[in-house]
Amino acid sequence: MKTTEEIFEVLKNRYSEDIIGITNMPPEKIIDVKPDAIFKVSAFLINDPDLDFDNLMILSGLDDANGTKTNQPDGSFEFVGGTLSVVYHIESTKHRHKLVLRVSVPKENPVTESVVKVWACADWHEREAYDMVGVIFNNHPNLIRILMPYDWDAGYPLRKDYKNPEFYQGMKVPY
Amino acid sequence: MIEMETTSTNLRTQEMVLNMGPQHPSTHGVLRLEIELDGELIVDVRPHVGYLHRCFEKHCEAMTYPQIVPYVDRMDYLAAMYSEIGYAVAVERLLGIEVPERVEYIRIIMGELQRIASHLVAVGTYGLDIGAFTPFLYCFRDREKILTLFEMTCGARLLYNYIWPGGVSHDLPPDFIRMTKEFLTEFKPTIVELNNLLSYNKIFIERTANVGILPLETAINYGVTGPNLRASGLKWDLRRDDPYSIYDRFDFEIPVGKGWHGTVGDCWDRYYLRMIEMEQSVRILEQAIEQIPEGDVTSAIPKRIKPVEGQIYTRVENPRGELGYFIVSKGGLQPHRVKVRAPSFVNLEILGELCKGHLVADVVAILGSIDIVLGEVDR
Amino acid sequence: MKQYISNIYSALATVFIGMKITFKHLFVPAVTIQYPDVRVTLPGRVRNRLYVNMDDCIGCDQCARACPVDCISIETVKSVPGEDLGKTSNGKKKALWVTKFDIDIAKCCYCQLCVFPCPTECIYMTDVYEFSEFERENLVYSYITLTKDEVLEKKANFEKFEAEKAAQKAAPKPPAPEKPAPPQA
Amino acid sequence: MGILDKEFSQENIVITKFEDLMNWSRLSSLWQVGFGLACCAIEMMATSASHYDFDRFGVIPRPSPRQSDLIIISGTVTLKMALRIKRLYEQMPDPKYVISMGSCSNCGGPYWEHGYHVLKGVDRVVPVDVYVPGCPPRPEALLEGLLKLQEKIRNESLVKKVTA
C-alpha cells in the first residue's frame, strides 16, 4: 500500500526528466507524464514487485478545451491550440494501491504511445479514445474507429467544438 | 484470407470469414462478429461493436447532474438500478456528502434485487442460446416478480430514475418489505429447481464444460471483472475489496470458480457462478430487510449540484463486473467529461482469446457465458 | 465402454429430472395475463403518459427546464392589469396566459423529473399506457385551454398594453399617479 | 396482364369474402423477425415470455427475415445500424409490417437533441405502420400496438392495397 506521493518519489528518482509533476484535482492526485515516456513508465509500474500495477481500470481520452476560443459566424465555436489528455487509472490487485497518470498532448499533433503491450485491455480503450477524441497511439496494433462507423469522416465527436454533419450516407442526421 | 504455400507438410484448407450479426438471435443485441474459420475451427474472432452507440458521454456534457440519471439507466438496461448506484456514489464522493442510513439500505435492497433480475436474464437467455427453452420462461416469470416490486416503488419497470445523487426519489411503499419477504421465500426453491433443470443436465454440461477456458493471468491482464473473473478463481469482489455503501455490514460469501465439471474458468463455471451469486444476493437481502432503519430518504438530496473543480473515478460491482464512472468537473452545473468503464465493454474484448481453437457452435456458448449487454458496450 | 454407458445413463437421468420439473409445472396455475380481456391494476406510482391539468398551471416553465429531453415547450403571454386569471387549487395567483403547452410524448423518456419541481402539482404521470398511433404527428399533445383566436387576442392585448406603456414613458410629461401598476410576474 | 385483369378491379362478393379470409389469416399469424435493438428489446422479450405470451396472438419470433411478416424496431436506431435495418426490411417478403416500439425508434427519443450517432426516427429509412410510445413501453402497450396493427390489416383491401 503506497500513496501517490511515495510512488511519485520512486518515479521521479528513476525517470527524472519524463515525469512532469503532480497535479491536485480533488479528491484525486494525478502524476503527469511526458507522452513519449508513458510506455516505459507503465512497463516499470507493472514489473516492479513493490508497485505491481497489474490492472488498468480505465483509460479515458479528454478534450481539455483550454485553447483559444474563436466564435464562428454560424454560431458555433472552435478551439485553436490547447491540449488533449489521456488519463490512466491503474491499481494493483495485490498491494491494493491506486494511481492516476495523465498524458497531455497538443491538439494539433495528438500523438502518444500505446500501452497495449503492458495491459492488454488498453486495446479497446485506446481505440475508443482515438475514436472519440482523436488521440493517436503509436505502436497500437489496430488503431481504427470502434464505436462510430469506419467511414465516419466528420471528426471526433467528443471534442468540444465538434460539429455534426448534415447527412450520413443519405440519411439526415439532425432532428 | 491468408495466402499460403501448400506443401505436403503444411496442407491447409482455405480460410473462410463468417459474419455473425448484427441481426442474430444469440448475439444478445446488435453485435457483429467476424469469425475467421479454418474448416470448422476458429482461427480468430473480431467483434465489431458500436451498433448501439447512443452518445451517452456527449449527452452528459450537455446535462446537469440530476438530468444525467435517466441516461445512466439506459446504459445497462438490465441492471439500471446498479448503474444509478454507481453514478450516485460517484457524484456523492465528488461533492463529499453523506447519505442517510435508510437510503443506503434501500440502495442495497434495490441493487441486490437488480442483481438477481439481471442474472435471471443472463441464465435464461444462456439456456436459450444452448437450446433449452423452458428455463427462459421460468427465469422471466421470476424476474417479473422483481419488476413488480420495482414498479410499485418507483413506477417504472425497466428504467427507474430512482436512485439520485444524495438519496432516492421515493420512500419504500408500505407493502414493499412484506412482498420482498414473500418473493424471497418463493424464490429460494426456484434456484434449486433451475439447477436441476439446467445446471446439472448432462447435455448442458457437455456443451459448456471445458469450453472457453479463461486462465487467471489472461483475465487480469485483459481487465476482466465480475463473475467472469471470479470463475477464473480470483476472489475479487468490489463489494468487499473496495467497499462502497454499507456492504461491509453484511455477511455473505464470494464464490469462486472451482472447475466443478471441467477446468477452472470454463463456460460452465461462469454460468454456475451466477447461480451461486443469486443465492448470496438472497442472503444479503434477508439481512438488509431485517435491519432497515426508519428515516427520511430525501433530506440529503442537494438542491443544486455544483461540484468544485476536480475529478474522481469510482467503481461499483455491477452484476457484470466493475462499473466505473470517471467524472471531471470544471466547476459548472454540467460535468466537463463523464467516461464510463463499462464492464461488458472490457469483458467482450476477451472473446477473441476465448474462442480460438473452438468450433463455430461454441461461439454462441462462450458469448452467452460472458453475459454482455450491448447498451453498455456501446453506450 | 463403462464411461460410455454411464454417460448415457447420466444424460437420461438428468433429462428425466428436468422433465419431472416441467411436468410438475403443468399443475401450477398459469401466470399469463390474458391482456386485452384482463388488465392488471397498476400501482399508484406508475409512470406512463404525462398529463397536465391546465386549471392549475401558472406557466412557470420549471418542468420544461427540468426535462432532460426538452420535450415540453411552453410559451406564455403576460396578462394585462384588470384581467382576472383565477387562482390555482393551492391558492397561487396566476399571472400568465399559457399560449402554448405542447408535450411531444414521442420524445418523452418517462423519467418523472418534470413532476417534482412543479409548484402547483399540475403536471403528473398517469396510468394510461395504451396510446399507440398510426401517425407520429398525433403523438404531440397540446394541453392549452385557449383557442387559437383567444391566443391571438391575448397577444394583441399585451402588445397594445406594452405600446401604451412605451408611449407613456416617451411622453414629455410624466403622469406618475395615473400609471398602471406593472404586471406581477 | 391477363383476362381476369379487369374482372376484379371493382369490389364484389367473391373479392370481399376472399379478402376477409386473407386478412384474417394474415393478422392471426404475424411472424416477427427475432430482432432486438436496445432496452425495448428486453420488454419485447418479456412480452414473449410467460407473463404476456406473445404466442397467443400468433406472433412467433423467426430468426430469418425471409420467413417473417412483421418487424418490431425495438430500440435506438443508430446510423451504423440504420442501413442494416433497411436491408433486413427489404429482405422480408410482402406483405410486411413495421411496428416502431419506444421513443427512440419513434423519433430519436431522449437522444434527439445531442445524439450525433442516432437516427431520429426509424421512419426515415423504413415505413412505419404503428408507433408505440413509451420508454420502454409496457408489454401491454406493445400488445395494444399489435392489436392496432391487426385492426389495420383487417381493414386492408385486396384491390385498393397500398404497399405498407
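Protein chains in written order, with my numbering: chain A, 254 to 428; chain B, 21 to 399; chain C, 154 to 338; chain D, 3 to 166.
C-beta atoms are modelled at their ideal positions from N, C-alpha and C, and glycine is treated no differently.
Treat the numbers as computed from the prediction; the structure is a model and nothing was measured.
Cut-off 6 Å between Cβ atoms - residues of its own chain near A251 (chain B), not counting five sequence neighbours on either side: G277, G285, D289, R290 and L293
Cβ neighbour criterion (16 or more within 10 Å) applied to N391 (chain A): exposed
Within 7 Å of chain D by C-beta, residues of the segment 167-183 of chain B in sequence order: R177, L178 and L179
Interface flag, N222 (chain C) vs chain D, CB-CB below 8 Å: Looking at the sequence itself, residue 222 (chain C) is Val, so the reference to Asn does not match. Output row for V222 (chain C): interface = yes.
Contact with chain D by Y71 (chain B), beta-carbon distance below 8 Å: yes
Min CB distance C376 (chain C) to chain D below 8 Å: No information on residue 376 (chain C) is available, as it lies outside the stretch 154 to 338 that chain C covers here.
With 16 other Cβ atoms within 10 Å as the buried cut-off, status of G197 (chain C): exposed
Residue of B:N248, B:H281 and B:G330 minimising C-alpha distance to S364 (chain B): B:N248
Ordered list of alpha helix (DSSP H) runs contained in the segment 267-354 of chain B, each at least 4 residues: 287-311
7 Å Cβ cut-off: residues of chain C touching S50 (chain D): Residues of chain C passing the Cβ test: none, with the nearest at roughly 11 Å.
Closer than 8 Å to chain D by CB, R198 (chain C): no
Nearest-angstrom Cα separation, counted from D22 (chain D) out to A166 (chain D): Note on A166 (chain D): pLDDT 41, under 50, position unreliable in the model; the coordinate value appears next. Approximately 18 Å between the Cα atoms of the pair.
Three-state secondary structure assigned by DSSP to M21 (chain B): Model confidence at M21 (chain B) stands at a pLDDT of 47, short of 50, so the residue's coordinates are unreliable and nothing is read from them.
Counted within 10 angstroms of its Cβ, other Cβ atoms place M172 (chain C) as buried (16 or more) or exposed: exposed
Contacts of L39 (chain D) in chain B (Cβ-Cβ under 9 Å): G49, V50, Y71, L72 and L394
Residues, ordered as in the chain, of the segment 177-192 of chain C that lie near chain E by beta-carbon distance below 9 Å: The structure shown contains no chain E; its protein chains are A, B, C and D.
Buried/exposed call for E132 (chain B), threshold 16 Cβ in 10 Å: buried
Endpoints, beta strand (DSSP E) assigned at F203 (chain B): Run containing F203 (chain B): none in the beta strand (DSSP E); it sits in the alpha helix (DSSP H), F196 to L214.
K245 (chain C) - DSSP class collapsed to helix/strand/coil: coil
Sufficient close CB pairs (3 or more, under 8 Å) joining the segment 222-238 of chain C to the segment 185-201 of chain C: no
C-alpha gap between Y97 (chain B) and V132 (chain D), whole angstroms: 24 Å
Coil, strand or helix - G171 (chain C) by DSSP: helix
Closer than 7 Å at the beta carbon, the chain D residues around E315 (chain C): Within chain D, no residue comes near E315 (chain C); the closest Cβ sits about 33 Å away, beyond 7 Å.
Interface flag, K269 (chain C) vs chain D, CB-CB below 8 Å: Correcting the residue type first, residue 269 (chain C) is Phe in the shown sequence and not Lys. F269 (chain C) does not count as touching chain D.
Partners in chain C for N25 (chain D), counting only beta-carbon separations shorter than 8 Å: Ordered by position in chain C, no residue passes the 8 Å Cβ test against N25 (chain D), which lies about 17 Å from the chain.
Chain-order list of residues whose beta-carbon lies under 6 Å from that of S357 (chain A) (same chain, five-residue window excluded): T336 and S338
Beta-carbon proximity of Y204 (chain C) to D255 (chain C), cut-off 8 Å: no
Residues of the segment 391-416 of chain A whose Cβ lies closer than 8 Å to any Cβ of chain D, in chain order: L400, M401, P402, P410 and Y415
Helix, strand or coil at A82 (chain B) [DSSP, three-state]: helix
Per-residue contacts from I311 (chain A) into chain B (C-beta, under 8 Å): Y333, G344, F346, K359 and R361
V37 (chain B) classed as buried or exposed, judged by whether at least 16 other C-beta atoms fall within 10 angstroms: exposed
Listed by chain order, chain A residues near F365 (chain B) by CB distance under 9 Å: W377, H378 and E381
Residues that DSSP places opposite T78 (chain D) in a beta bridge: Note: T78 (chain D) sits in no beta bridge, so no partner.
Simplified DSSP assignment, three categories, for E171 (chain B): helix
Cβ pair L218 (chain B), A152 (chain B) closer than 8 Å: yes
Span separating the alpha-carbon of I332 (chain B) from that of I223 (chain B): 47 Å
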